[in-house]
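Number 110 in the working numbering belongs to position 107 of the sequence shown; there are no gaps in the numbering.
Yeah, the Cβ is synthetic: ideal placement off N, Cα and C, and Gly gets one too.
Everything numeric in this text was worked out from a predicted model, so none of it was measured.
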Amino acid sequence: MNRPSYVTDDRLRHFISEAIREDVGDGDHSTMASVPANMIRRAHLIIKDDCILAGVDLALEIFRYYDKDLKIDVLKKDGEFVKKGDIAFEVVGSARSILTMERFVLNCMQRMSGIATYAHDTVKLVEGATTKILDTRKTTPNFRMCEKWAVYIGGAQNHRFGLYDMIMLKDNHNDYAGGITASVTSTVKYLKEKGKEMMIDVETRNLEEVKEALATNAVDIIMLDNMSLDEMAEAVKLTGGKVKTEASGGITKEAVKAIAAVGVDYISSGAIIYAAPVKDMSLKAF
C-alpha cells in the first residue's frame with residue numbers, strides 16, 4: 004500500500020469511524036427500507052474524468068472497516084493515470100454495505116484524485132529544475148491526512164503535517180516576538196530546553212529580513228513570501244546555499260515555472276490542495 008508515514012492505522016480508523024458516525028448516524032434508513040438484508044451484489048467504480056487516481060487504498064480501508072466480508076478487485080492503483088470510462092475497482096458483497104459506503108468512498112476519491120492530478124500537473128511544470136513543490140497546512144480540518152496523501156500520490160512533497168513536527172516562524176510570530184532575531188533566538192532556547200531537534204523555517208518579506216534571518220545562523224529554510232522574481236533571485240544569491248529557500252504566497256500553477264527558474268529550493272503552494280477541482284466518478288451496480 005502506497006502510504007506516507009503519517010497515514011497510520013490509528014489515524015485511518017479514527018477518520019473512517021468519525022466519518023461513518025457523521026453520515027450514517029443510527030442507520031442508513033433508505034437502504035434498510037428498500038434492500039433485503041441478505042442480498043449479495045456487485046458494483047464497480049467508473050472513472051468519468053481523466054485524472055491521476057487517488058484514494059483507492061483508502062476506499063479499501065473504508066469498505067473493510069464497515070464490512071470485512073466485502074471483496075474488492077482492484078483494477079487501477081493509486082498514482083495511475085486513468086481515463087474516462089476506466090474501471091478502478093469492483094466490489095462484491097452485501098448490497099446494503101455497498102450502498103451505505105458509496106458516497107463516503109466517492110467523496111474521498113473524487114477529492115483526492117483532483118488534488119493528485121493538480122499536484123502532478125504542477126510538478127510537471129518544473130520538470131528538469133531542482134525546485135521541489137510543497138503543500139501547506141491550508142487544508143480541510145479533519146481531512147488533512149487524505150489531502151496530503153493525495154499530494155504525495157500526485158508526486159509533490161508534503162511540508163510539515165501539523166504544528167507539532169516543524170518550527171515555522173511566520174510574520175505574525177516574528178512581529179509578536181519583536182522581530183526575526185528575537186523570534187529565532189527564543190526558538191533556539193526553547194528547543195534546547197525541551198530537548199527537541201526540529202527544522203526552523205522563517206518567513207521573510209523583503210531582502211533586509213532575508214539578511215537578518217541569515218545572520219542568526221540558526222535557520223534551515225528561509226521563506227520568501229510574496230516577493231518578486233528579482234527579489235527571489237537576489238535572495239538566492241544572498242543565501243549562497245547556506246540555507247534552503249522557499250517561495251511562498253499566492254503561488255499559482257501558472258507561476259511555478261518562472262519561480263523555479265530563479266533557483267529556489269522549494270515552492271510551497273496551498274493551491275495544489277484548495278484550488279484542485281474534484282474528478283467525477285460513479286459507483287454503479289451491475
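Residue i in three-state terms, based on DSSP
i: Ser100; result: helix
i: Met8; result: With the sequence shown as reference, residue 8 is identified as Ser, and Met is not the correct amino acid for it. Ser8 falls in the coil class under three-state DSSP.
i: Ala132; result: coil
i: Asp76; result: strand
i: Lys127; result: helix
i: Val213; result: helix
i: Thr188; result: helix
i: Arg147; result: helix
i: Met112; result: helix
i: Val259; result: helix
i: Met35; result: helix
i: Glu83; result: coil
i: Val3; result: Shown here, the chain extends from 4 to 289; a query on residue 3 therefore has no answer.
i: Glu25; result: helix
i: Lys197; result: helix
i: Ala40; result: coil
i: Ile224; result: strand
i: Arg45; result: strand
i: Ile65; result: helix
i: Val94; result: strand
Residue i - containing beta strand (DSSP E), residue span
i: Asp52; result: Counting along the chain, Asp52 falls outside any beta strand (DSSP E), and DSSP gives it neither H nor E.
i: Val205; result: Ile203 to Thr207
i: Ile270; result: Tyr269 to Ser271
i: Ala250; result: Lys247 to Ser251
Residue range of the alpha helix (DSSP H) that includes residue i
i: Asp168; result: From DSSP, Asp168 is part of no alpha helix (DSSP H); its letter is neither H nor E.
i: Ser1; result: The chain is shown only over 4 to 289; residue 1 falls outside these bounds and no answer can be derived.
i: Ala288; result: Run containing Ala288: none in the alpha helix (DSSP H); it sits in the beta strand (DSSP E), Met284 to Ala288.
i: Ile275; result: Ala274 to Tyr277
i: Ala180; result: Asp174 to Ala180
Cβ-based burial, residue i [other Cβ within 10 Å; buried from 16]
i: His32; result: exposed
i: Glu257; result: exposed
i: Tyr269; result: buried
i: Ser231; result: exposed
i: Phe307; result: Nothing in the structure corresponds to residue 307, since the chain is present only between 4 and 289.
i: Arg114; result: buried
i: Gly117; result: buried
i: Ala293; result: Because the chain here runs from 4 to 289, residue 293 falls outside it and cannot be looked at.
i: Gly28; result: exposed
i: Lys151; result: buried
i: Asp60; result: buried
i: Arg24; result: exposed
i: Asn177; result: buried
i: Ala263; result: buried
i: Phe66; result: buried
i: Glu105; result: buried
i: Gly58; result: buried
i: Lys359; result: Summary: the structure shown does not reach residue 359, with the chain confined to residues 4 through 289, and so no result is reported for it.
i: Lys282; result: buried
i: Met235; result: buried
i: Ala91; result: buried
i: Thr142; result: buried
i: Met112; result: buried
i: Ala218; result: exposed
9 Å Cβ cutoff, residue i in contact with chain D
i: Ile101; result: Absent here is chain D; the protein component of the structure consists of one chain.
Assumed close pair residue i, residue j - CB separation to whole angstroms, cut-off 8 Å
i: Val239; j: Val267; result: 6 Å
i: Val246; j: Asp228; result: At roughly 15 Å, the Cβ-Cβ gap does not stay under 8 Å, so Val246 and Asp228 are not in contact.
i: Ala159; j: Leu194; result: Not a contact, Cβ separation roughly 28 Å.
i: Gly82; j: Leu56; result: 7 Å
i: Thr248; j: Ile225; result: 6 Å
i: Thr125; j: Ser272; result: 7 Å
i: Met284; j: Leu63; result: About 15 Å separates the two Cβ atoms, so there is no contact after all.
i: Ser37; j: Leu73; result: About 19 Å; that fails the 8 Å criterion.
i: Phe164; j: Tyr277; result: Actually they are not in contact, since the Cβ atoms of Phe164 and Tyr277 sit about 17 Å apart, beyond 8 Å.
i: Met148; j: Arg14; result: 6 Å
query = Quick one: any contact between the stretch 204 to 216 and the stretch 168 to 188, if contact means 3 or more CB pairs under 8 Å?
reply = yes
message = Within 8 Å, do at least three Cβ pairs link the stretch 132 to 139 to the stretch 71 to 86?
response = no
message = Using a Cβ distance threshold of 8 Å, determine whether the stretch 185 to 198 contacts the stretch 152 to 164, with at least three qualifying pairs required.
response = no
query = How about the stretch 90 to 104 and the stretch 45 to 54: do they share at least three Cβ pairs that are nearer than 8 Å?
reply = yes
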